Amino acid sequence: MKTQVAIIGAGPSGLLLGQLLHKAGIDNIIIERQTPEYVLGRIRAGVLEQGTVDMLREAGVSARMDAEGLVHEGVELVFDGKRVPIHLTELTGGKSVMVYGQTEVTRDLMDARSAPIIYSASDVQLHELKGEKPYVTFEKDGQRQRIDCDYIAGCDGYHGISRKSIPEGVLTEYERVYPFGWLGLLSDTPPVNEELIYAQHERGFSLCSQRSLTRSRYYLQVPLTDKVEDWSDERFWDELKARLPEEVAARLVTGPSLEKSIAPLRSFVVEPMQYGKLFLVGDAAHIVPPTGAKGLNLAASDVCYLYRILVKVYAEGRTDLLEKYSELALRRVWKGERFSWFMTNLLHDFDGEKDAWDRKMQEADRDYFLNSTAGLVNIAENYVGLPYEEVG
Ligand code: APR
Ligand code: PHB
Numbered sequence: 001m002k003t004q005v006a007i008i009g010a011g012p013s014g015l016l017l018g019q020l021l022h023k024a025g026i027d028n029i030i031i032e033r034q035t036p037e038y039v040l041g042r043i044r045a046g047v048l049e050q051g052t053v054d055m056l057r058e059a060g061v062s063a064r065m066d067a068e069g070l071v072h073e074g075v076e077l078v079f080d081g082k083r084v085p086i087h088l089t090e091l092t093g094g095k096s097v098m099v100y101g102q103t104e105v106t107r108d109l110m111d112a113r114s115a116p117i118i119y120s121a122s123d124v125q126l127h128e129l130k131g132e133k134p135y136v137t138f139e140k141d142g143q144r145q146r147i148d149c150d151y152i153a154g155c156d157g158y159h160g161i162s163r164k165s166i167p168e169g170v171l172t173e174y175e176r177v178y179p180f181g182w183l184g185l186l187s188d189t190p191p192v193n194e195e196l197i198y199a200q201h202e203r204g205f206s207l208c209s210q211r212s213l214t215r216s217r218y219y220l221q222v223p224l225t226d227k228v229e230d231w232s233d234e235r236f237w238d239e240l241k242a243r244l245p246e247e248v249a250a251r252l253v254t255g256p257s258l259e260k261s262i263a264p265l266r267s268f269v270v271e272p273m274q275y276g277k278l279f280l281v282g283d284a285a286h287i288v289p290p291t292g293a294k295g296l297n298l299a300a301s302d303v304c305y306l307y308r309i310l311v312k313v314y315a316e317g318r319t320d321l322l323e324k325y326s327e328l329a330l331r332r333v334w335k336g337e338r339f340s341w342f343m344t345n346l347l348h349d350f351d352g353e354k355d356a357w358d359r360k361m362q363e364a365d366r367d368y369f370l371n372s373t374a375g376l377v378n379i380a381e382n383y384v385g386l387p388y389e390e391v392g
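Under this note's numbering, the first residue of the sequence shown carries the number 1, and numbering increases by one thereafter.
Structure representation (structure tokens):
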């Protein structure tokens with residue numbers, strides 16, 4: 001087989017890049033390790049920045065999002081039981097976010113795809129990344145196959161093969177792990193509040209999110225040693241109520257969980273995001289903790305930059321731009337990392353893991369950011385998403 005761009009991974013990064021390239025007349029094949037059902041079974045965050053929404057519209061996959069997605073003009077933070085509304089739209093001169101689940105984004109992209117996706121491909125290997133003729137090999141139905149291409153987009157997430165195919169010593173890794181995880185619960189119950197609530201509490205952080213007017217997603221900060229089996233639905237709801245302001249807890253509608261899972265929190269970045277003809281995109285190159293919902297949105301900005309560069313490469317011969325991808329993408333990634341780390345620090349209970357100085361800094365941050373217009377603007381402009389740069 002032969003194609004212009006081989007895309008490894010059919011998560012949101014790979015599917016969005018593939019759709020944009022396809023619309024621009026650039027041939028691509030996606031190679032995915034799992035089945036489509038498995039990919040759709042993963043539950044992830046659900047807050048889209050304007051830039052992400054714009055890319056989905058440009059890709060022609062926005063019909064259902066535009067009809068069913070919920071535009072949010074604000075978000076709420078809670079500190080010491082005090083509710084602090086953040087008027088995103090007022091603070092940012094008119095910007096908002098769209099609440100629409102990543103699973104639905106993935107489904108819309110899958111439905112729109114007419115170019116090939118090879119699912120259940122095993123033992124994917126990348127070759128000749130520094131050469132003129134890179135290629136990908138993999139096994140499918142017991143047969144070894146080969147795809148020759150011009151470029152490879154590594155959209156295969158944190159555990160993928162793309163980053164690992166880069167020789168040792170080339171990449172620099174930056175990492176922070178946090179001493180807790182998030183336990184998430186999905187239920188067919190109406191959201192407790194119109195806006196999302198990010199709540200600090202001495203028992204631990206909690207988040208009230210939503211997927212629609214009838215489906216809610218809630219999270220609790222839990223110790224890394226906890227198992228999902230430790231958390232009956234009843235225990236989850238009781239603990240959530242204990243962490244929310246009384247008037248909010250009183251309105252909480254509970255119900256059976258559709259899904260419950262625990263995810264550890266991590267910040268991770270590799271530099272650079274390019275090696276020869278291979279470009280790393282999304283979770284393959286960086287992970288953020290979910291506080292701030294930047295994961296999918298950073299993936300979308302990587303996709304936007306790589307897509308715009310490839311269009312200029314094929315239409316105008318601008319191969320010089322390929323060398324700019326990593327720098328351009330990383331500038332935005334680092335700001336997303338900073339915000340996710342800042343929000344994680346601001347809102348969580350570090351339970352003795354912070355020294356006395358760091359605890360005082362956390363208190364001062366809470367006091368300053370929530371009682372200063374500049375502080376609120378800072379949170380709001382990062383939450384709705386920083387602007388994309390031109391690719392040149
Ligand atoms: N070969 C082929 N496909 C692979 C391989 C491999 N060796 N390894 C992993 N994959 C596939 C995974 O099965 C998955 O479907 O790559 C895909 C990567 O998808 P994601 O992990 O969702 O990563 P990405 O598309 O970059 O999405 C970023 O997802 O995790 C969230 O916070 C993140 O919201 C952000 C978004
Ligand atoms: C979610 O809805 O799953 C969600 C929302 C906001 C976050 C994280 C997760 O910051």
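All C-beta atoms in this analysis are idealised placements derived from N, C-alpha and C, irrespective of residue type, glycine included.
Computed from a predicted model, the values in this text were never measured in an experiment.
Cα-Cα separation between residue i and residue j, rounded to whole angstroms
i: residue 360; j: residue 253; result: 36 Å
i: residue 92; j: residue 86; result: 10 Å
i: residue 46; j: residue 102; result: 5 Å
i: residue 203; j: residue 77; result: 16 Å
i: residue 228; j: residue 306; result: 38 Å
i: residue 43; j: residue 356; result: 37 Å
i: residue 382; j: residue 336; result: 8 Å
i: residue 339; j: residue 292; result: 7 Å
i: residue 363; j: residue 222; result: 21 Å
i: residue 132; j: residue 181; result: 44 Å
i: residue 61; j: residue 351; result: 44 Å
i: residue 150; j: residue 139; result: 21 Å
i: residue 285; j: residue 341; result: 17 Å
i: residue 365; j: residue 266; result: 21 Å
i: residue 199; j: residue 248; result: 11 Å
i: residue 40; j: residue 106; result: 7 Å
Closer than 7 Å: residue i CB and nearest the ligand APR heavy atom
i: residue 223; result: no
i: residue 12; result: yes
i: residue 262; result: no
i: residue 362; result: no
i: residue 102; result: yes
i: residue 113; result: no
i: residue 359; result: no
i: residue 34; result: yes
i: residue 39; result: yes
i: residue 156; result: yes
i: residue 159; result: yes
i: residue 296; result: yes
i: residue 282; result: yes
i: residue 43; result: no
Where the beta strand (DSSP E) through residue i begins and ends
i: residue 347; result: Note, residue 347: premise wrong, no beta strand (DSSP E); alpha helix (DSSP H) at 325-347.
i: residue 208; result: 206-210
i: residue 180; result: 172-187
i: residue 97; result: 97-99
i: residue 217; result: 216-222
i: residue 137; result: 135-140
Collapsed DSSP secondary structure at residue i in the structure displayed
i: residue 277; result: coil
i: residue 161; result: coil
i: residue 303; result: helix
i: residue 118; result: strand
i: residue 2; result: strand
i: residue 166; result: coil
i: residue 192; result: coil
i: residue 295; result: helix
i: residue 388; result: coil
i: residue 150; result: coil
i: residue 130; result: coil
i: residue 320; result: helix
i: residue 308; result: helix
Start and end residues, alpha helix (DSSP H) containing residue i
i: residue 359; result: 356-370
i: residue 106; result: 102-112
i: residue 376; result: 373-384
Check: residue i C-beta below 7 Å from any heavy atom of the ligand PHB
i: residue 69; result: no
i: residue 315; result: no
i: residue 212; result: no
i: residue 256; result: no
i: residue 425; result: The requested residue 425 does not occur in the structure, where the chain is confined to residues 1 to 392.
i: residue 122; result: no
i: residue 207; result: yes
i: residue 290; result: yes
i: residue 153; result: no
i: residue 196; result: yes
So within the region 9-93, which uninterrupted beta strand (DSSP E) runs reach at least 3 residues, ignoring any that extend past its ends? 28-31, 70-72, 75-79, 82-86
Give the list of continuous beta strand (DSSP E) stretches no shorter than 3 residues that lie fully inside the region 228-291. DSSP runs (the beta strand (DSSP E)) wholly in the region 228-291: 257-271, 278-280.
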